[in-house]
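Trainee:
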Ligand SMILES: *[C@@H]1O[C@H](CO)[C@@H](O)[C@H](O)[C@H]1NC(C)=O
Ligand SMILES: *[C@@H]1O[C@H](CO)[C@@H](O)[C@H](O)[C@H]1NC(C)=O
Ligand SMILES: *[C@@H]1O[C@H](CO)[C@@H](O)[C@H](O)[C@H]1NC(C)=O
């Protein structure tokens, strides 16, 4: 009788076999960053869980009934990149450090109690991509001239707007944390190799993009020299004429 009453209580009803992954169906990660998968689980028994496991659909299949696992609480040879920072009661969070493209894919959490086993299916999807710098210029064709406007944008293809980024010019960090680096009027000194990374994750650094700004300041100098030489010829000629 008591059991029937308990079953009717919503709080008890929610204590079913269940794994809750992050609400987003896809986690987009920059290559080289650390990714944590927030995860919670429940089960209807009193006893703590005996074993917790995480598996990847790249190496496993179905409900991951057998090895290999990327994390196994009973194993002592787990990969360094995969750290379980959950517990054996309700938190099944996993941290993947220095993530790379081969880590893209679907991951599932599995747990085993004295009475039964459960796998959270479908799992959580992770997509890993490289950060990239894209360029937009006011001048569509030809080389960039001093005075043109130019924007460099730090992008991650699978993600919307990036928050804090770190920009580099010729490998040296520059003070700018916005994902767009704006040059309203470029000068020859802005020429260089630019790259970006997530702030605090130098390992996510993108490939470099080279911008070269043609130094049009050179032409007035040439003009002055030409004018000077022409005047010199005239003056010399005038002096010679006066001497006659
Ligand atoms: C799980 O535990 C970790 C470490 O204590 C904590 O940082 C994280 O927020 C917890 N996750 C959830 C979903 O409660
Ligand atoms: C650069 O970005 C600014 C601000 O977002 C924008 O107003 C400008 O049109 C952009 N310039 C180019 C060349 O894309
Ligand atoms: C840029 O070059 C393309 C093809 O070379 C040409 O069709 C286009 O008109 C040019 N645009 C400008 C703004 O000069």
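Residue numbers (the UniProt record's numbering): 1 to 244.
Backbone N, C-alpha and C fix where the C-beta goes; we use that ideal spot for every residue, glycine too.
Should residue 206 be labelled buried (16 or more other beta-carbon atoms within 10 Å of its own) or exposed?
Mentor: buried
Trainee: Counting only the same chain and skipping the five closest in sequence on each side, list residues whose C-beta sits under 8 Å from that of residue 9.
Mentor: Residue confidence for residue 9 is low, a pLDDT of 43 falling below 50, so the modelled location carries little weight and cannot support an answer.
Trainee: In or out: residue 45 buried (at least 16 other Cβ within 10 Å) or exposed?
Mentor: exposed
Trainee: Would you list the one or two residues that DSSP bridges to residue 99?
Mentor: Residue 99 is not bridged to any residue.
Trainee: Report buried or exposed for residue 256, applying the criterion of at least 16 other Cβ atoms within 10 angstroms of its Cβ.
Mentor: Nothing in the structure corresponds to residue 256, since the chain is present only between 1 and 244.
Trainee: Measuring CB to CB, does residue 95 end up less than 8 Å from residue 85?
Mentor: yes
Trainee: Rounded to whole angstroms, what's the CA-CA distance from residue 229 to residue 240? Just pull it up for me.
Mentor: 16 Å
Trainee: Please list, in chain order, all residues with a C-beta atom less than 6 Å from at least one heavy atom of ligand 1.
Mentor: Taken from the N-terminal end onward, the list reads 38, 40, 85, 86, 91, 93.
Trainee: Determine, using beta carbons only, whether residue 70 and residue 99 come nearer to each other than 8 Å.
Mentor: no
Trainee: State the CB to CB distance for the pair residue 58 and residue 105, rounded to an integer number of angstroms; the pair is presumed to be in contact (CB under 8 Å).
Mentor: 5 Å
Trainee: Is residue 134 near ligand 2, going by C-beta to nearest heavy atom under 7 Å?
Mentor: At a threshold of 7 Å, residue 134 does not count as near ligand 2, since its beta carbon sits no closer than that to any of the ligand's heavy atoms.
Trainee: Can you tell me whether residue 197 sits near ligand 2, meaning its C-beta is under 7 Å from at least one heavy atom of the ligand?
Mentor: no
Trainee: Below 8 Å on the Cβ atoms is my contact criterion, and I expect residue 48 with residue 108 to pass it. Report the Cβ-Cβ distance as a whole number of Å.
Mentor: Actually they are not in contact, since the Cβ atoms of residue 48 and residue 108 sit about 21 Å apart, beyond 8 Å.
Trainee: Near residue 15, what residues of its chain come up, given a Cβ to Cβ distance below 7 Å and the 5 sequence neighbours on each side ignored?
Mentor: 42, 44
Trainee: Candidates 68, 118, 190: which alpha carbon is nearest residue 151's?
Mentor: 190
Trainee: Check whether the stretch 135–152 and the stretch 177–197 touch, using three or more Cβ-Cβ pairs below 8 Å as the test.
Mentor: yes
Trainee: Just reading off the beta strand (DSSP E) that residue 107 is part of, what are its end residues?
Mentor: Its beta strand (DSSP E) spans residues 105–112.
Trainee: Any idea if residue 233 is buried or exposed, counting beta-carbon neighbours within 10 angstroms, 16 or more meaning buried?
Mentor: exposed
Trainee: Could you compute how far the alpha carbon of residue 68 sits from the alpha carbon of residue 200?
Mentor: Residue 68 and residue 200: Cα-Cα distance of roughly 32 Å.
Trainee: Is there at least one non-hydrogen atom of ligand 2 closer than 7 Å to the beta-carbon of residue 150?
Mentor: The beta carbon of residue 150 sits closer than 7 Å to at least one heavy atom of ligand 2.
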